[in-house]
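Enquirer: So the sequences go chain by chain: A, B, C and D.
Take the first sequence: its position 342, counting from 1, is numbered 342 in our numbering, and each next residue is one higher.
Take the second sequence: its position 355, counting from 1, is numbered 803 in our numbering, and each next residue is one higher.
Take the third sequence: its position 293, counting from 1, is numbered 1189 in our numbering, and each next residue is one higher.
Take the fourth sequence: its position 431, counting from 1, is numbered 1814 in our numbering, and each next residue is one higher.
The structure is given below, and queries will be raised subsequently.
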Amino acid sequence: MPFIPHTRADVSEMLASIGVSHVEELFSEIPESIERADLFAIPLGISEMEMLRVLSNRARQDELGPCFIGAGCYDHHIPAAVWDLASRGEFLTPYTPYQAEASQGTLQLLYEFQTMMSSLTGMDVANASVYDGGSGLAEAILMAIRCNRNTKSKRVVICGAVNPFYLRAARTLVGSQGVELVHCEHVGGRHAVGLDDFGEVAAVVVQQPNFFGLLENVDEITDWAASKKALLIAVVNPMTLAVLKPPGDWGEGGADICCGDGQPLGVPMSSGGPSFGFLCTRIKYVRQMPGRIVGRTTDSGGSTGYTLTLQAREQHIRRAKATSNICTNQGLLVTAATIYLSIIGLTGLSNVASASHANTRYVVDKLCASGLVSPTFDGSYFHECAINLHRDAQGVFDELTTKHKILAGFPLGEAFDGLESSLLVCATEKRSQEELDFFCRTLLEVLN
Amino acid sequence: MPFIPHTRADVSEMLASIGVSHVEELFSEIPESIERADLFAIPLGISEMEMLRVLSNRARQDELGPCFIGAGCYDHHIPAAVWDLASRGEFLTPYTPYQAEASQGTLQLLYEFQTMMSSLTGMDVANASVYDGGSGLAEAILMAIRCNRNTKSKRVVICGAVNPFYLRAARTLVGSQGVELVHCEHVGGRHAVGLDDFGEVAAVVVQQPNFFGLLENVDEITDWAASKKALLIAVVNPMTLAVLKPPGDWGEGGADICCGDGQPLGVPMSSGGPSFGFLCTRIKYVRQMPGRIVGRTTDSGGSTGYTLTLQAREQHIRRAKATSNICTNQGLLVTAATIYLSIIGLTGLSNVASASHANTRYVVDKLCASGLVSPTFDGSYFHECAINLHRDAQGVFDELTTKHKILAGFPLGEAFDGLESSLLVCATEKRSQEELDFFCRTLLEVLN
Amino acid sequence: MKSEATIFERSRTNRAAGAQVPEAGSLADIPSRFLRESAPLLPEVSELQAIRHYTNLSHQNFAIDRNFYPLGSCTMKYNPRGTHRAASQPGFLNRHPLTPVGVSQGTLECLFELQEILTIVTGMDAVSLAPMAGAQGELAGLLMIRAYHQSRGDEDRDEIIVPTAAHGTNPATATMCGYKATEIRVGADGDVDLDHLRQLVGPKTAGIMLTNPSTCAVFERQIVEMSQIVHDAGGLLYYDGANLNAILGKVCPGDMGFDVLHLNLHKTFATPHGGGGPGAGPVAVNGRLVPFLPIPIVGQRNGQFEWFGEEEIPKTIGTLSAFMGNVGILIRALAYSMMLGRNGMNRVADFATLNANYLAMELERAGFKLAYPTRKATHEFLITLDEEAKQFGVRAMDFAKRLLDFDIHAPTTYFPLLVPECFLIEPTETETKEQLDEFVKAMMQIRAEAETDPRMLTEAPHHQFKKRLDEVKAARELDLVWKPDSD
Amino acid sequence: MKSEATIFERSRTNRAAGAQVPEAGSLADIPSRFLRESAPLLPEVSELQAIRHYTNLSHQNFAIDRNFYPLGSCTMKYNPRGTHRAASQPGFLNRHPLTPVGVSQGTLECLFELQEILTIVTGMDAVSLAPMAGAQGELAGLLMIRAYHQSRGDEDRDEIIVPTAAHGTNPATATMCGYKATEIRVGADGDVDLDHLRQLVGPKTAGIMLTNPSTCAVFERQIVEMSQIVHDAGGLLYYDGANLNAILGKVCPGDMGFDVLHLNLHKTFATPHGGGGPGAGPVAVNGRLVPFLPIPIVGQRNGQFEWFGEEEIPKTIGTLSAFMGNVGILIRALAYSMMLGRNGMNRVADFATLNANYLAMELERAGFKLAYPTRKATHEFLITLDEEAKQFGVRAMDFAKRLLDFDIHAPTTYFPLLVPECFLIEPTETETKEQLDEFVKAMMQIRAEAETDPRMLTEAPHHQFKKRLDEVKAARELDLVWKPDSD
Ligand SMILES: Cc1ncc(COP(=O)(O)O)c(C=O)c1O
Ligand SMILES: Cc1ncc(COP(=O)(O)O)c(C=O)c1O
């Protein structure tokens, strides 16, 4: 009996104490009219050894060569210490830290996380996670609408090159609350500021670098949103903020809400989940922010300690009027990210960002030098870049995957009409010189 | 600077405090006449990321299919929890528990280990490890000579089928202390009790099951040793003792010293090391036993606690008169073994033993049924078995390794003259039915 | 134990974990207006400092791996290490979500199998693994209910009924779906008030959300009647699977009349709670909701596993996350169910229920008051400390804090709200009888203290890392990020 | 914190960690006289119980990962997690030692590279990685010295000279090699007494064992002269590499005149000490001892890495273990040296020495007495608490125990024996200045307590898991295994 510690003697004693003669009697309140479960189609249990044999074979089957896809999920190096620490039972197996006195470890760590994220994004406060970048965008939109006292409008403008996977999820998540998401077409890969007139707008969403890796004119967009009394929601990759201007500094007044996915910060790709979404905002909006928030306080002996705070925003207190229905979040990934940021440190994160950018640029320059490939869009990009292969990118991608086990990038045609010949490529700091060269060589071979 | 936390400011302040202007001055007592080191041939340092890239490639290069070699090192399943726990920094990174009050974790664990090993072997006491099975045998021999007050002889009889790798190492280790190791030839794979007259003998060494997997008549051998006033040293695989008669129960009086390698108890094969050697003995010989021993005692508040004890046997106290020169032992592996034994438990260990035996027997029976293969020796075996391929076993082994990535067993010709056509095969509980059948099929194909 | 300074206080300018810092790349091509002007506040510490800091912090947590943790509704049972190992293999961890299916058959096979297993244990017709936690499963479920009514042109239904005892996520989710949450009374015996239900249902009723066993920790005996009433009114039934541990392998929600449900894999399927998450909240539906399932789903085509998306499920409510949910957690849940098998699953409910009933009985014997003394306990049960509160001036929270001193995590307190001064106690099937007996002893000692020395409770905990923390101050004087002058 | 019961007390008949128990096989073919009659005393616990037990026990350990651990001579520096990761890969962990070289080139390349690196940093001609710890390296070294003399027909040499301050393994090893250990005096300045050396050497001298920096924590300045004297007398010089951390990348033992040495990879090369081991003690030799190196060694032949054994090294002293030593530890050491590189290695000695000299100076300033105040500290240094002992009636051990209350592990006490009431303090290069300053503060507070309230020391520790343990009772009333009636 895996995981069940009861001996026969235990069971007899316990049944005797309860005063029944068989465990089945404990279920007597379940009406007879409900059919008993039939699990016959599920195989019998196997040992950990056998389970690991099966799942190791499957895992091995999916091993591949170097990855040049980004598109919202990045293959960075994770220091060995990060998960050695995050996998400690004391971080892995507690619940949400409701009993603060018995959870100071996680609580202090979350307070440190909030500090790091606030500073990285240039915002006042951060929460302790939502599910992922997609749900982060959805929560940011709902929050912005609640926060914007200037208008009753539920219209939100989405700049053209916001991550389409985030947008797609956000559409589902906010879809039944009367929110109107206006997705502007990108112009040459970027947002054309102020070209359209949308009437009253609750918020504007812009991503930096945008999905194509291009740098948007975020200062102008921020000021434009402010001029329309709309809140500015910044979607960012937190890793890039080690070197890029933080949303809090955009334009005259800065962004109002900042969201994104924390995966680049020490979280394995793991098919895209579990990762974590983050939300940062101005202090004045903190009571509209969903998710756990940790505050520093004192204990009855006067010593500093940490506790969950502003719980009155949350579903377990506020119920139908809560800022969100989120309960379980992505705490363990936040734990890993906090440890990652501590180990990689200020210099490390900045170098990860610049090295990733330099690796991507190396690949792009080398490919373009061949004449077979050209940049899809003009202008500055960071860390990721769309390149035009001048033929069906999906076909090239498939050939590289099957023949060379290389993931060559994201074929943009999957998400954007008209970009069928473009590949979004990304080379993190983890890609070695040999891998970069091998990638260029094989891609050009296929194109030739 | 990997692992060094000093900032420039730290260095300046520290140098100022010391009163020197450059670190180099701290080395001024090293005579000028000694040439300064030249490490130029060593490459420059690389990051953890780069190091892992290189070593992952090498590790992957050495991955193989299923292993049917035993010969002193066994491919058992290790529950995931074992190394998750043993790798915790609190077990991984302390020194030997000299400061008992700050090391109760390791000390209590070692006390539990001593208990488990004593009970498994049927002996009174166990130490907290020597290096491996080979050094265990060497220490057992030296200890037996010290313990045997009946004779001044330093002659030790080694039964024929004792692990030749242990014996080879023991020869080196005891070689300069005037010990005479008399290795009797095996007769049909076993020890022929009492056939020889060796004169005065300090100890007799017998292994159960012996290197060929055969079950020796340990009761008779033990009684015979006793009759010669020689101490009986038992070499055992601790896993088998879940079902086989423990050395403490052999013959009339039992073995005097029991040694072996703990690798089967939760230690990965890892090219044969690190593993750990164990030593168990009668309480009357405990002061002659080398290695750390933990005792239970009380603290000044009257509460139960644990501490290293009988340290007067050891080199750091007794110096030239110590029972051994051992200092660093194999503590972490003992930690893993203790956790392994706790998780696998009484039933688990017994089933590992019987399942391994059954798997080996399945393979042997199936191969022999083909008519192409026959048992090398007659009689009962346990867990391992020598089979005769009736042709050069090394060649067959090589073919299976290269073509099928299967390790087919240990070609006995490497260690025993006259057994060139025999393969020592072993199938642990970890081998699946498909692996067993695949092994039989491919081996027979090669033989056909 | 000393308090641990924050990581920022350990930081020193220009210190770094050298082995982790890659060489910088050039940023010369990035116009300066895009670049950051001042450095963010990130720690500058050595690797050893970071390891010490977080190892020390970890010592300040209670966790299943260290403590009995009878947190009702949360199912804090053993999280098998083998499942963590299985999911932590490079082939799984290093898989990019946009990897083509042709080279992802290992992962997809795992997900497909899990879909099958969950379909069977819920007694439903199909499963989507997309939701990333229970609450997101609820959202997906209500969105499907909404889509269902809409697909039938039944546009006016805008109410979701939830019991007063329901978990907060239920009404909160209703709101997130644009529904009004209407509360229905729970009777003195813990069952929903059927008459009240009959009054509430009508043409506005989109559906009802129920847990069963309910958050009152009893099995809702009138479930079949309720199903009839709600269905007759044209509404659908949502099953909140947080308590599925109680009936795993016994009865299926599908056979109770539910149309849609979520499972909390981090509860019933033993994936670790991680100090707050991640979880996974797959949804299962019966035939009428299958067309609306969230995507992606793993299907089979020509002997290969494929992602089914909008093309195959055109009426889908859509995606819920950027990619395909918490795959790493799903693999752990699969690993767990492989080890349990059908025989192991049967035993989960048996032993969870045995433990709860035993503990309830022993506590009652020890003089504690069960909230529903005439009812059988399910996998959990409620006690009320109302009498103790009145007699000794101590509250349930004081009992809770004092329990910590016994190295026992407090049960869920003050939930559900309708039972005064309550403890919702869920021992789970992975705890030993000895542990339960220790809990009873601790509770008895605490009650004795309440009588003779109530400050032992009101000032508890005494032996934890901190004494009782001032939550009011935390909310009033918000201190949410560390600043260099904070200390 | 509660004391943790033994695992045996948690055990119950027929309990088991079900997911770990494979199906039993038949033993029908084994004659019953070979079988066990009664079951051994092994725990019968659930997986969760085992995890709780050992997690709880782990909380009762000091460790580098939690504490400053300035244990002199032991080099308790940071053990990089990356090296543990590197060595824990399936390709390395699952390699059977008898796997043919053709399919083991990854492992053999690692070992070959490590041999090369160690040859360079020691300034010797060849390395064998076979010894499993420092003490086994010593044994291998003396066996090679013995073989060398024998190979020259120089059979009468039966003495090994060791300084009085030498580590216990040195004389113990001499005995294990059948040698007589002769002790040589150490002068007041910590250097060996050269005149005494001249008296001792002669035709009986097989060799001398030295550490440099010595166990007096100073650099032996007359090493060149000593080498001359011993070599002139026909003896060889053995270098105990336990203190190599102090000179890594600065000077090589080979250039000081040593003929053979061991390294403690668990010290200088940062592999974890594991609560007692494992370590690895490779030996390096100069030309005249190369023929005698222990086997196996990795060589290259036709572009492939091979094991060299008796065939290639016919005069070898032989093997030291069943297989090829502690390979897993060797891979960690290689990983560490790859990350350091030659530049990193240079810095090890620099910063280890800087830390030691700084700490020595600050302690001296704070009024503590250095054992060799005229000397530079090396990577470690000695203080003597003799005056404190005389004045306040407290001993070095009392200081040591009281330090534990500051979450600092005690330095090495009472070693070397020739310095009364001494602390051998080795901070290592991976500790911060702040940590060293904290140590000084703690020492000052403890001395203040010694003056005003010596029982704070003599009854220390006060805040650990146990108060001071009765070692005398432990040795007199031996209780080495748990018995059912033990409690
Ligand atoms: C009854 C009940 N419903 C729903 C939820 C929400 O699930 P999750 O936390 O996975 O979002 C919980 C979680 O505590 C619960 O107990
Ligand atoms: C100076 C010295 N020599 C030798 C040794 C023995 O090394 P090992 O413990 O690796 O056997 C030590 C270990 O403490 C030491 O400090």
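In this text, a Cβ means the ideal position worked out from N, Cα and C, and glycines have one as well.
1) What do you reckon, are the CB atoms on D/Phe1798 and D/Ile1766 nearer than 9 Å?
2) Between which residues of its own chain and A/Val286 is the CB-CB distance below 8 Å, once the five residues before and five after are set aside?
3) Give me the Cα-Cα distance between D/Ala1739 and D/Glu1745, rounded to the nearest whole angstrom.
4) Is the stretch 998-1011 of chain C touching the stretch 52-67 of chain A, taking contact as three or more C-beta pairs under 8 Å?
5) Give, in chain order, every unbroken run of the alpha helix (DSSP H) that is at least 4 residues long and sits entirely within the stretch 1209-1275 of chain C.
6) What does A/Ser324 reach in chain C if we use C-beta pairs closer than 9 Å?
7) Could you please tell me which residues of the stretch 1317-1345 of chain C, in chain order, have their CB closer than 8 Å to any CB of chain A?
8) In this structure, how does DSSP classify B/Cys595 when only helix, strand and coil are distinguished?
9) With 16 other CB atoms within 10 Å as the buried threshold, where does A/Ile283 fall?
10) Just tell me which of B/Glu633, B/Leu662 and B/Leu629 has its CA closest to the CA of B/Val652.
11) So is the beta-carbon of A/Gln99 under 8 Å away from any non-hydrogen atom of ligand 1?
12) Give the list of continuous alpha helix (DSSP H) stretches no shorter than 4 residues that lie fully inside the stretch 911-994 of chain C.
13) Is it the case that the CB of D/His1649 approaches a heavy atom of ligand 2 more closely than 8 Å?
14) Looking at C-alpha atoms only, which residue of B/Met497, B/Met687, B/Asn598 and B/Val604 is the closest neighbour of B/Met565?
15) Strictly under 9 Å for the Cβ-Cβ distance: is D/Gly1474 near chain B by that measure?
16) Mind checking the stretch 325-349 of chain A against chain C and listing, in chain order, the residues whose C-beta falls within less than 9 Å of any C-beta there?
17) For D/Pro1794, count the other beta carbons within 10 Å of its own beta carbon; 16 or more makes it buried, fewer makes it exposed. Which is it?
18) Would the beta-carbon of C/His1275 be found less than 8 Å away from any heavy atom of ligand 1?
19) So what does DSSP say about A/Gln207, is it helix, strand or coil?
20) Would you identify the three-state DSSP class for C/Trp1203, choosing helix, strand or coil?
21) I want to know whether the stretch 1041-1050 of chain C touches the stretch 1221-1233 of chain C - three or more CB-CB distances under 8 Å.
22) Using 9 Å as the limit for Cβ to Cβ distance, is D/Thr1396 near chain A?
23) Checking the sheet assignment: what are the DSSP bridge partners for C/Ala1306?
24) Can you name the residues that DSSP bridges to C/Phe1277?
25) Just the residues with CB closer than 6 Å to a heavy atom of ligand 1, in chain order, which are they?
26) Starting from A/Arg8, trace the alpha helix (DSSP H) in both directions and tell me its first and last residue.
27) Can you list, in chain order, the residues of its chain whose CB lies under 8 Å from that of B/Thr746, leaving out five sequence neighbours each side?
28) Using alpha carbons as the reference points, say which of A/Gln208, A/Phe212, A/Met289 and A/Ala230 lies closest to A/Val218.
29) Thinking C-alpha only, which one of A/Leu389, A/Gly262, A/Asn325 and A/Leu436 is nearest A/Gly72?
30) Quick one, which of C/Met1339, C/Ala946 and C/Val1223 has its alpha-carbon nearest C/Phe1264's?
31) Please name the residue in B/Lys853, B/Ser804 and B/Ala588 whose C-alpha comes closest to that of D/Pro1910.
Expert: Based on what the coordinates show:
1) no
2) Asp124, Val125, Ile293 and Leu310
3) 10 Å
4) yes
5) 1223-1261
6) Those are Ala1031, Ala1068 and Met1072, listed as they occur along chain C.
7) Glu1325, Thr1326, Glu1327, Thr1328 and Lys1329
8) helix
9) It is exposed - the Cβ of A/Ile283 has fewer than 16 other Cβ atoms within 10 Å.
10) B/Leu629
11) no
12) 943-954, 977-983 and 986-989
13) With a cut-off of 8 Å, the C-beta of D/His1649 is classified as near ligand 2, since at least one heavy atom of the ligand falls inside that distance.
14) Checked all of B/Met497, B/Met687, B/Asn598 and B/Val604; the closest Cα to B/Met565 is B/Met687.
15) yes
16) Cβ contacts with chain C come from Asn325, Ile326, Cys327, Thr328, Asn329, Gln330, Gly331, Leu332, Leu333, Val334, Thr335, Thr338, Ile339, Leu341, Ser342, Ile343, Ile344, Gly345, Leu346, Thr347, Gly348 and Leu349.
17) buried
18) No - ligand 1 has no heavy atom lying nearer than 8 Å to the Cβ of C/His1275.
19) strand
20) Residue state, collapsed to three classes: strand.
21) no
22) yes
23) Answer is none; C/Ala1306 lacks a bridge partner.
24) Per the DSSP secondary-structure output, C/Phe1277 pairs in a beta bridge with C/Ile1321.
25) A/Cys327, A/Thr328, C/Ser969, C/Cys970, C/Ala1029, C/Gly1030, C/Ala1031, C/His1063, C/Thr1065, C/Thr1107, C/Thr1111, C/Asp1136, C/Ala1138, C/Asn1160, C/Gly1175 and C/Gly1177
26) Arg8 to Ile18
27) Thr752 and Gly753
28) A/Gln208
29) The shortest Cα separation from A/Gly72 among A/Leu389, A/Gly262, A/Asn325 and A/Leu436 belongs to A/Gly262.
30) C/Met1339
31) With chain D covering 1384 to 1870 only, the question about residue 1910 of chain D has no answer from this structure.
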